[in-house]
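Comments concern the structure below.
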Amino acid sequence: MQLIVNGETKELAARTISDVINHFGLEGRPVVVEADGEIIAKEQWPDMEVRPLMKIELVHFVGGG
Amino acid sequence: MKKDVWHIGGHELNSRFFIGTGLFPSPYVQKEAIRESGAEVLTFAIRRINLASTEDDSILQHVEGEAFRFLPNTSGASTAEEAVRIARLARASGLSDWIKVEISANERTLLPDPLETLKATEILVKEGFTVLPYTSDDPILCKRLEEAGAAAVMPGAAPIGTGLGILNPYNIGLIVEEAKVPIIVDAGLGSAADVTQAMELGVSGVLMNTPVAKAKDPVVMARAMRLAIEAGRLSYLSGRISKKRYASASSGHEQFIVK
Numbered sequence: 003m004q005l006i007v008n009g010e011t012k013e014l015a016a017r018t019i020s021d022v023i024n025h026f027g028l029e030g031r032p033v034v035v036e037a038d039g040e041i042i043a044k045e046q047w048p049d050m051e052v053r054p055l056m057k058i059e060l061v062h063f064v065g066g067g
Numbered sequence: 072m073k074k075d076v077w078h079i080g081g082h083e084l085n086s087r088f089f090i091g092t093g094l095f096p097s098p099y100v101q102k103e104a105i106r107e108s109g110a111e112v113l114t115f116a117i118r119r120i121n122l123a124s125t126e127d128d129s130i131l132q133h134v135e136g137e138a139f140r141f142l143p144n145t146s147g148a149s150t151a152e153e154a155v156r157i158a159r160l161a162r163a164s165g166l167s168d169w170i171k172v173e174i175s176a177n178e179r180t181l182l183p184d185p186l187e188t189l190k191a192t193e194i195l196v197k198e199g200f201t202v203l204p205y206t207s208d209d210p211i212l213c214k215r216l217e218e219a220g221a222a223a224v225m226p227g228a229a230p231i232g233t234g235l236g237i238l239n240p241y242n243i244g245l246i247v248e249e250a251k252v253p254i255i256v257d258a259g260l261g262s263a264a265d266v267t268q269a270m271e272l273g274v275s276g277v278l279m280n281t282p283v284a285k286a287k288d289p290v291v292m293a294r295a296m297r298l299a300i301e302a303g304r305l306s307y308l309s310g311r312i313s314k315k316r317y318a319s320a321s322s323g324h325e326q327f328i329v330k
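Those sequence lines, one after another, are chains A and B. Residue numbers 3 to 67, in our numbering, belong to the letters of the first sequence in order. Residue numbers 72 to 330, in our numbering, belong to the letters of the second sequence in order.
Right under this line is the structure:
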């Protein structure tokens, strides 16, 4: 399925947000997920289904002032 | 002297140093600098994860979380709407509901957009965030942000990363005089002298990143800044003498040997 992850179009074999997280090897890392502008709580990741061309943002804390 | 604590959003703070976590030469130096700074509040930015790299570039792996309060910023936002979105993402981390509103509309100066900053502050206060807006050093604007519910107001000394020091000490002093919430000088400080001046003007704290991280020796500079905060704070509390145009002798006028 084609998804837009962090601004890039990706072809991914993913059904849920959890699948997307696993695909990028982000399990256990402090990631915040937004799908089509809505924040998806971690508890919802396994149940939240992705759909074609869904805009997914995977963000985290980095150094800043 | 009794313990000189202060509060933001009901949270007690001992240190008056908020330190940023960008630009340090290495995680080790950053950790040591943070330790020397004595800071209890650390700032962060929110960014997309680099999907091309498998390396964990999250800042959190280098920070012992329980010891600190996190102040994520909304850097990268140029509108209130973008800042609100970043703030919500930051809060969804579950690490903090504090947010530094930072909205820059000009790439060269990075100066805050005052109207968008006020708008974002109003929205985020309503959503229950503890909001600390970074703003220009305008006394009326700072008051408006306080009235909008900001937990602290953070006027800049000078544009971010310039190290120019306090360009308008009169304004910073006036902002402090009028404020009912803590005032934190954020951005533009360069050295311990600037920090001492800020504290002598009566601000509650300072937020710094570049002047520590980009110093030749960030760890020693962190210590210098901590001591400068203490010196400036004590000087402010103890009441400096007024400035006079002419000399007044500090040795007594009575019983001169030579007359």
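We put the beta carbon where it would ideally sit given N, CA and C, even for glycine.
Check: Determine whether the Cβ of Asn-24 (chain A) lies closer than 9 Å to any Cβ atom of chain B.; Outcome: no
Check: Looking at C-beta atoms only, is the number of pairs between the segment 279-298 of chain B and the segment 93-109 of chain B that lie closer than 8 Å three or more?; Outcome: yes
Check: If contact means a Cβ-Cβ distance below 7 Å, which residues of the segment 97-119 of chain B contact chain A?; Outcome: Thr-114, Phe-115, Ala-116, Ile-117, Arg-118 and Arg-119
Check: Please return the same chain residues whose Cβ sits closer than 7 Å to the Cβ of Pro-48 (chain A), not counting the five positions on each side in sequence.; Outcome: Thr-18 and Ser-20
Check: Which first and last residues belong to the alpha helix (DSSP H) in which His-25 (chain A) is found?; Outcome: 19-25
Check: Specify, as a first and last residue, the run of the alpha helix (DSSP H) that Thr-267 (chain B) falls within.; Outcome: 263-271
Check: In terms of alpha-carbon separation, which member of A:Val-35, A:Met-50 and A:Lys-44 lies closest to Ile-157 (chain B)?; Outcome: A:Val-35
Check: Among the residues of its own chain, which have a CB less than 7 Å from the CB of Glu-2 (chain A), if the five just before and after it don't count?; Outcome: Outside the modelled stretch of chain A, which goes from 3 to 67, sits residue 2 (chain A), for which no answer is possible.
Check: So which residues on chain A does Ile-130 (chain B) lean against when the C-beta distance must stay under 7 Å?; Outcome: Phe-63, Val-64 and Gly-65
Check: So, Leu-260 (chain B) versus Ala-302 (chain B), is the Cβ gap smaller than 9 Å?; Outcome: no
Check: Which of the three DSSP states, helix, strand or coil, is assigned to Arg-106 (chain B)?; Outcome: helix
Check: Would you identify the three-state DSSP class for Asn-85 (chain B), choosing helix, strand or coil?; Outcome: coil
Check: Confirm, please, whether the CB-CB distance from Arg-162 (chain B) to Phe-200 (chain B) is below 9 Å.; Outcome: yes
Check: Quick check on Leu-113 (chain B): does DSSP put it in helix, strand or coil?; Outcome: strand
Check: Less than 9 Å between CB atoms is the rule here; does Pro-204 (chain B) satisfy it with respect to chain A?; Outcome: no
Check: By how many angstroms is the C-alpha of Gly-66 (chain A) removed from the C-alpha of Asn-177 (chain B)?; Outcome: 18 Å
Check: Specify the secondary structure class of Lys-197 (chain B) as computed by DSSP and reduced to three states.; Outcome: helix
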